[in-house]
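As structure tokens, the structure follows; a few thoughts come after it.
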Amino acid sequence: MKKLSEFLIPFAGLKLGKHPFEFQIDKTFFESFSFDEFESASILVKLVLEKKSNFLELSFKHQGTVYVPCDLTAEYFDLPIKGKMKMVVQFGETYNDDNEELLILPHGEHQLDVSQLIYEMIVLSVPARKEHPGIKDGSLKSAALDKLNELKVKEIKPPSGENETETDPRWDKLKQLLKDK
Numbered sequence: 001m002k003k004l005s006e007f008l009i010p011f012a013g014l015k016l017g018k019h020p021f022e023f024q025i026d027k028t029f030f031e032s033f034s035f036d037e038f039e040s041a042s043i044l045v046k047l048v049l050e051k052k053s054n055f056l057e058l059s060f061k062h063q064g065t066v067y068v069p070c071d072l073t074a075e076y077f078d079l080p081i082k083g084k085m086k087m088v089v090q091f092g093e094t095y096n097d098d099n100e101e102l103l104i105l106p107h108g109e110h111q112l113d114v115s116q117l118i119y120e121m122i123v124l125s126v127p128a129r130k131e132h133p134g135i136k137d138g139s140l141k142s143a144a145l146d147k148l149n150e151l152k153v154k155e156i157k158p159p160s161g162e163n164e165t166e167t168d169p170r171w172d173k174l175k176q177l178l179k180d181k
């Protein structure tokens, strides 16, 4: 993964308080992470960095769409996604990102790369099962669905020679026991 310069935030020169940032995410962002599960993407990420005297608070929000294949029909569609994430950045001896809500940067750092955080937030907001909205409302027209409807069993017919009204007399005796109670 290469460093993306537009996602480097130089926090050293910022005053104490809140500072808003916006990022427009598209397919090239995911290509830099060698992630190719989205055909295209259009996501707006809003970040509010609150600088305090000895730590930083990051509040991320994202909303947009990713163009993905349906898991049932393989038809591509725009999947709406949204999410939010909060993170605290503190300063210590060494870099540590083991905790998902706490990031420790070494003393002397003057900028923060938020590209990895944005990438993880977006990828984790995509549901495990991606289902085309046309499946639920019946408006999806695809070759796969047409073929499935063509091969669908229309009606189950009993084998010829059997009459549904006739039952085994042994079962009739057992049913009589239940009625006698």
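Numbering-wise, the UniProt record's numbering puts 91 at position 91 of the sequence shown, and it's gapless, one number per residue.
In this text, a Cβ means the ideal position worked out from N, Cα and C, and glycines have one as well.
What you are looking at is a predicted structure, and each value in this text was computed from that prediction instead of being measured.
Checking the sheet assignment: what are the DSSP bridge partners for residue i?
i, result
"LYS18", "GLU50"
"ILE25", "ILE43"
"ILE9", "LEU112"
What is the rounded straight-line gap between the Cα of residue i and the Cα of residue j?
i, j, result
"THR28", "ILE104", "28 Å"
"GLY17", "ASN54", "12 Å"
"PRO80", "LEU174", "58 Å"
"LEU177", "ASP146", "50 Å"
"MET121", "GLU6", "17 Å"
"HIS19", "PHE30", "25 Å"
"PHE35", "GLU155", "46 Å"
"PHE11", "ASP113", "10 Å"
"MET1", "GLU150", "Low per-residue confidence applies at MET1: pLDDT is 46, beneath 50, and the placement is therefore not dependable, though the value from the model is reported in the following sentence. Looking at the two C-alpha atoms, the distance is approximately 47 Å."
"LEU44", "TYR67", "15 Å"
"GLU93", "SER142", "57 Å"
"TYR95", "GLN63", "29 Å"
"GLN111", "LEU56", "11 Å"
"CYS70", "MET85", "26 Å"
"SER115", "ILE135", "35 Å"
"ASP172", "VAL153", "32 Å"
"ASP26", "SER42", "5 Å"
"HIS107", "LEU124", "30 Å"
"LEU102", "ASP137", "42 Å"
"ASP168", "ASP180", "19 Å"
Between which two residues does the alpha helix (DSSP H) containing residue i stretch?
i, result
"SER115", "115-125"
"ILE135", "133-137"
"LEU177", "169-179"
Using CA atoms only, rank isn't needed, just tell me which of the options is closest to residue i.
i, options, result
"ARG129", "PHE11, LEU56, SER32 and LEU72", "LEU72"
"THR65", "SER40, LEU148 and ALA74", "SER40"
"LEU117", "VAL89, ASP168, TRP171 and ALA143", "VAL89"
"PHE60", "ILE9, ASP172, LEU49 and VAL68", "LEU49"
"PRO127", "PHE38, PHE33 and GLU22", "PHE38"
"LYS52", "ASP78, LYS15, ASP97 and ASP137", "LYS15"
"GLN24", "ILE9, LYS46 and LEU148", "LYS46"
Sequence ranges, beta strand (DSSP E) only - wholly within the stretch 43-112, length at least 3: 56-69, 76-92 and 102-106
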